[in-house]
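Using this note's numbering, you'd call the opening residue of the sequence shown number 1 and step up by one each time. Just so it is clear, CB atoms sit at the ideal spot from N, CA and C, and this is done for glycine as well. None of the values given here were measured: they were computed from a predicted structure. Inspection log for the structure reproduced underneath, given as structure tokens.
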Amino acid sequence: MALPGPLNRYLLLMAQEHLEFRLPEIKSLLSLFGGQFISNQGTYGKSPFWILSIPSEEIARNLMKRTVCAKSIFELWGHGRSSEELYRSLRSYPVEKMVPFLHSDSTYKIKIHTFNKTLTQEEKVKRIDALEFLPFEGKVNLKKPQHIFSLLEDYGLDPNCIPENPHNVYFGRWIADGQRELIESYSVKKRHFIGNTSMDAGLSFIMANHGKVKENDIVFDPFVGTGGLLIASAHFGAYVYGTDIDYNTVHGLGKASRKNQKWRGPDENIRANLRQYGLEKYYLDVLVSDASKPSWRKGTYFDAIITDPPYGIRESTRRTGSQKEIPKGMEKCPESHVPVSLSYHLSDMFFDLLNFAAETLVLGGRLVYWLPVYTPEYIEEMVPSHPCLKLISNCEQKLSSHTSRRLITMEKVKKFENRDQSSHLPNDHSLLYQGHNSFREKYFSGVTKRIAKEEKSSQE
Ligand SMILES: C[S@@+](CC[C@H](N)C(=O)[O-])C[C@H]1O[C@@H](n2cnc3c(N)ncnc32)[C@H](O)[C@@H]1O
């Protein structure tokens, strides 16, 4: 797409982690704040430098209040494939756009940022001196400057082949940093209540961003576990609610997941986790309930459903049964007892999840979930579909040489009608996924004995 003009260009400095998740995060957040992803940069694959057009600085700032995939954003004043090209580009940048940040009673600082190369102090000073032609009139203040400018040099991605000169050079006015520090401050290591499958903090925030969670939203996790995903949504101001089939998890009872601790303490539960981060006011409730038999009255309740369903590696996939479903030869339970050990096929679980999301999400609401796949057999058509849900993104995270999980984001684009309930059943797509029902067996057959042994012992 063509750029509207050089004046609206911004440079995003992306983190070199979870590469596939970055573009959907930035696109989702821009659309949340009324912007659109516009860029003429060909690929975003692995480079940490992205040039985009953003309608206003306010949208750029809002984006940075949410992103965990981007480190910083700059108003781009110039860009070139060499220093000379950069200087030419800077000379053509309108002076009236620079002057408000360079006038005599302002303070400033210039920073040098290099990717894939380290410069000496002397080299850095040389680069700063070469920018003298810019109309800087303010005073340098290294400690607390009013304005920070950055020169960023890109030496490519290959640490074994670092070129003499950079592939790209950028200069811009720093606007804001992203939310990378959340990864540390919400780290599972320091969390009050955790389980074997508590979701990593960084990924939880990415999921909430893919889900376009915003203030006052209602976010639901039907496989809530220790509530890792609720925490990220609550941090962004959403009210959160969850269910889990496991009584002990919901009530914070039973064996602890931490080393050196046998049993969970009296206050180890999801509510206390939210309290730990000052987010208790966003806690609606958590309930023991089976996602295969949702107990909701018909209606649209949720702005987003963000979840990590079980896939039988560290936790079992199960659902409640009925007296009729108990296999022949097995002892029947008393009428009042609901057996909970019937296995829940992955394909049924995703089918139920999509139907549930189609029924209960508001229009425009998003479903974000992980789909485990056995990579040698994976094809895109296996991703479950639904007539009410549009696929927004599908990003891979490798788990082992043969397995991965894919973060699927879907948006509700059509009101749910009764005929939509089963309209995707005969669809070959969901049938295709049935091959993955034995994901657990394939997982353990595909990895080395050592990994399999580690995984098994962590489940015991
Ligand atoms: C991968 S874990 C979720 C972890 C969670 N995201 C966290 O941060 O702790 C999946 C959860 O699904 C629950 N589960 C399994 N089958 C279920 C079912 N039929 N209905 C509801 N929850 C179920 C398990 O008890 C487990 O806690």
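Taking 8 Å as the cut-off, does the segment 251-267 touch the segment 295-304 (at least 3 CB pairs, one atom from each stretch)?
no
Tell me, to the nearest whole angstrom, how far the beta carbon of His103 is from that of Gly138; I am working on the premise that it is less than 8 Å.
6 Å
To the nearest angstrom, how far is it from the Cα of Met330 to the Cα of Ile206?
For Met330, the pLDDT reaches just 46, beneath the cut-off of 50, and the residue's location in the model is therefore unreliable, although a value from the coordinates is still provided. Going by the C-alpha atoms only, they are around 45 Å apart.
Is it the case that the segment 19-29 contacts the segment 124-142, given that we only count it when at least three CB pairs across the two stretches are under 8 Å?
no
With H, G and I counted as helix, E and B as strand and the rest as coil, what does DSSP make of Asp105?
coil
Could you tell me the distance, in whole angstroms, from the CA atom of Ile231 to the CA atom of Arg406?
21 Å
Can we count Ser295 as close to ligand 1, meaning its CB is less than 7 Å from some heavy atom?
no
Starting from Phe136, trace the beta strand (DSSP E) both ways and give me its first and last residue.
Where Phe136 is concerned, there is no enclosing beta strand (DSSP E), given that its DSSP letter is neither H nor E.
What's the C-alpha gap between Arg9 and Leu76?
6 Å
Spatial neighbours of Leu32 within its chain, please: CB distance less than 7 Å, with the 5 preceding and 5 following residues excluded, ordered by chain position.
Lys212, Lys214
Is the segment 144-152 close to the segment 108-117, with three or more CB pairs under 8 Å?
yes
Does the separation of the CB atoms of Pro166 and Glu153 fall below 8 Å?
yes
What separation, rounded to the nearest whole angstrom, lies between the Cα atoms of Lys442 and Thr249?
27 Å
Asn418: buried (16+ other C-beta within 10 angstroms of its C-beta) or exposed?
exposed
According to the Cβ coordinates, are Phe49 and Leu13 closer than 8 Å?
yes
List the residues that DSSP assigns as beta-bridge partners of Thr197.
DSSP, once it has assigned bridges, lists no residue as partnering Thr197.
Using DSSP with H/G/I as helix, E/B as strand and the rest coil, what is Val169?
strand
Measure the CB-CB distance between Gln36 and Leu30 and report whether it falls below 8 Å.
yes
What is the rounded straight-line gap between the Cα of Gly278 and the Cα of Gly237?
11 Å
Using only the alpha-carbon positions, how far apart do Thr409 and His210 sit?
7 Å
Own chain partners of Val286 with C-beta closer than 6 Å, once the 5 adjacent residues on each side are dropped
Val224, Gly242, Val250, Ile270
Indicate, with yes or no, if ligand 1 has a heavy atom lying under 7 Å from the CB of Gly228.
yes
Can you tell me which of the three DSSP states Ile231 falls into?
helix
Could you name the residues of the same chain whose beta carbon sits closer than 7 Å to that of Ala208, not counting the 5 residues immediately before and after it, in chain order?
Ala232, Ser233, Phe236, Ile306
Quick one: what does DSSP say His192 is sitting in, helix, strand or coil?
coil
Does the beta-carbon distance from Asp308 to Leu399 come in below 8 Å?
no
Use the C-beta contact count for Leu353: other C-beta atoms within 10 angstroms, 16 or more gives buried, fewer gives exposed.
buried
What is the rounded straight-line gap between the Cα of Leu346 and the Cα of Arg173?
49 Å
Thinking C-alpha only, which one of Ala130, Lys117, Ile379, Ser83 is nearest Asn168?
Ser83
Mind checking which residues open and close the beta strand (DSSP E) that includes Val523?
There is no way to answer for residue 523, as the model of the chain reaches only from 1 to 460.
Going by the beta-carbon positions, is the gap between Leu389 and Lys412 smaller than 8 Å?
yes
Closest residue to Pro62 among Gly178, Cys69, Thr114, Tyr44 (Cα-Cα distance)
According to the sequence shown, residue 62 is Asn rather than Pro. The candidate whose alpha carbon is nearest that of Asn62 is Gly178.
Using DSSP's beta-bridge definition, name the partner residues of Ile51.
Leu11
Cβ of Gly34 within 8 Å of any chain B Cβ:
Looking for chain B here will not work: only one protein chain is present.
At 4 residues or longer, what runs of the alpha helix (DSSP H) sit wholly inside the segment 237-264?
247-251
Which same chain residues, not among the five before or five after Met64, have their C-beta less than 6 Å away from its C-beta?
Ile73, Ala176, Gly178
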